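K.L.:
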Amino acid sequence: MPFYHQLGSIPPKRHTVFEKADGSGIHYEQLFGTEGFHGMASLLYHLHRPTMIRTISEPVDARPVAALGHNLNPRMLQGFNVKPADDFLASRRTVLFNDDVALQNAAPTRGTDGYFYKNGDSDELIFVHQGSGVLTSLFGTLKFGDWDYLVIPRGTIYQITFDTPDNRLFITESRSPILTPKRYRNEFGQLLEHSPYCERDLRRPTYLAPTDALGEFTIKIKKEGLIYDVVYASHPFDVV
32 MPFYHQLGSI PPKRHTVFEK ADGSGIHYEQ LFGTEGFHGM ASLLYHLHRP TMIRTISEPV
92 DARPVAALGH NLNPRMLQGF NVKPADDFLA SRRTVLFNDD VALQNAAPTR GTDGYFYKNG
152 DSDELIFVHQ GSGVLTSLFG TLKFGDWDYL VIPRGTIYQI TFDTPDNRLF ITESRSPILT
212 PKRYRNEFGQ LLEHSPYCER DLRRPTYLAP TDALGEFTIK IKKEGLIYDV VYASHPFDVV
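Going by our numbering, the letters in the sequence shown line up with residues 32 to 271, in that order.
1. Could you check the C-alpha separation between R206 and G110 for me, to the nearest Å?
2. Would you verify that the beta carbon of F49 is, or is not, closer than 8 Å to some beta carbon of chain B?
3. When DSSP labels each residue in this structure, what does R141 get in the three-state scheme?
4. In this structure, what does DSSP give as the bridge partners for N136?
5. Return the CA-CA distance between T237 and A121, expressed in angstroms with no decimal places.
6. Return yes when the Cβ of G145 is within less than 8 Å of the Cβ of F193, no when it is not.
7. Could you tell me the distance, in whole angstroms, from the CA atom of V159 to the CA atom of G64?
8. Hey, would you say T249 sits closer than 8 Å to V262, going by beta carbons?
9. Is F268 helix, strand or coil by DSSP?
10. Taking just the CA atoms, how far does R234 sit from A137?
11. Return helix, strand or coil for G164, following the three-state DSSP convention.
12. State yes or no: is the C-beta of L75 within less than 8 Å of the C-beta of V270?
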């Protein structure tokens, strides 16, 4: 039993004509899912076509490289020794990885200034060890603070801003979907009474007024470990 959550305006029925209030045209429906047409999904209604792409840059290789292989030495990973960096993406330091997951430490002094980000490879789980700010995405805005977990499904276009330069994050990038553990769910998806957290602990995004703007908007998209600068012709946060 997944949450049914509505923000903003939607038509009475799915996959039908949804006219704009001023009569200037129709909204553009986007089916957003992380596993194709399988699994949980959301329907988003845009003011403009979300497929209007102006340019795509040559990619930058962001794949981690193993410093050591075939090694059994025990190690202490001192994440608080990671040096601060002046950008959210540049601050990420992968410390452990395999084919399914990458674990990163980060100390960003600033967020995604001047660009948007989309991880097309993995779900992201960001543990905010220290810091506060706002996560803004296609789905709305979400304030966060110390010891919060931010779950960001793959394919989500988002921006993150911080209140101060003093931030410490522990980031998990998972190629497998991030879900609640099966042993803590009943057959309908509700969290059981012995689970360490429940639905009351989960906070959802709040409404974000759509941005109706055309121009050039850079979305950094990660796919197969490569990051592309993709310039959209409309603002990605135009969801009503």
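Where a beta carbon is used, it is the ideal one built from N, C-alpha and C, also for glycine.
Note that the coordinates shown come from a computational prediction; the quantities given were computed from them, not determined experimentally.
P.N.:
Let me spell this out:
1. In the sequence shown, residue 206 corresponds to position 175, counting from 1. In the sequence shown, residue 110 corresponds to position 79, counting from 1. The straight-line gap from Cα to Cα measures roughly 23 Å.
2. Protein chain content of the structure displayed is limited to a single chain, and chain B is not contained in it.
3. Position 110 of the sequence shown, counted from the start, is the residue given in the question as residue 141. Coil at R141, not helix or strand.
4. If you number the sequence shown from 1, residue 136 lands on position 105. DSSP, once it has assigned bridges, lists R124 and F201 as partnering N136.
5. One-based indexing of the sequence shown puts residue 237 at position 206. One-based indexing of the sequence shown puts residue 121 at position 90. When rounded, the distance between both Cα atoms is 28 Å.
6. Sequence index remark: in the sequence shown, residue 193 carries index 162 (1-based). Sequence index remark: in the sequence shown, residue 145 carries index 114 (1-based). Not in contact: F193 and G145 (Cβ atoms no closer than 8 Å).
7. Residue mapping note: residue 159 aligns to position 128 of the sequence shown, counting from 1. Residue mapping note: residue 64 aligns to position 33 of the sequence shown, counting from 1. Approximately 26 Å, taken between the alpha carbons.
8. Counting from 1 along the sequence shown, the entry for residue 249 is found at position 218. Counting from 1 along the sequence shown, the entry for residue 262 is found at position 231. Yes. Within cutoff.
9. On the sequence shown, position 237 is the one that residue 268 refers to. The answer is coil: DSSP assigns F268 none of H, G, I, E or B.
10. As a first step, residue 137 must be located in the sequence shown, where it is residue number 106. As a first step, residue 234 must be located in the sequence shown, where it is residue number 203. The straight-line gap from Cα to Cα measures roughly 23 Å.
11. Reading the sequence shown from its first residue, position 133 is the one you call residue 164. It is a strand residue.
12. Residue 75 sits at position 44 when you count from the first residue of the sequence shown. Residue 270 sits at position 239 when you count from the first residue of the sequence shown. Result yes, Cβ atoms of L75 and V270 sit closer than 8 Å.
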